[in-house]
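**Student:** Letter by letter, the sequence shown follows residues 0 to 68 in numbering that gives the first Met the number 0. Quick one: this structure, given as structure tokens, is what I'll be asking you about.
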Amino acid sequence: MAGNSRPSFTKRQKERARQEKQAEKAQKRLQRKQEKDLTGATEASEPNVQEAMELDEFGQPKGLDFHDF
0 MAGNSRPSFT KRQKERARQE KQAEKAQKRL QRKQEKDLTG ATEASEPNVQ EAMELDEFGQ
60 PKGLDFHDF
């Protein structure tokens, strides 16, 4: 009966594989979160002024008009 109380070799192998897979998933999740934080921080800190600026036919920025106030 003493032999049945310990997990078998295959059970230990499966458990170790499960733990390794879980650790890999956690590492990938953390890596994706860090990449998302880095890209989100750069986009938020640098507003795209070129898109908001209107240009005239010569490519120069337009001045303020009466309707802008």
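All C-beta atoms in this analysis are idealised placements derived from N, C-alpha and C, irrespective of residue type, glycine included.
(1) Assign Leu63 to one of three DSSP states: helix, strand, or coil.
(2) Would you report the Cα separation of Ala16 and Arg28, rounded to the nearest angstrom?
(3) What residues match up with Leu29 in a beta bridge as DSSP calls it?
**Tutor:** On the basis of the supplied data:
(1) coil
(2) 18 angstroms
(3) DSSP, once it has assigned bridges, lists no residue as partnering Leu29.
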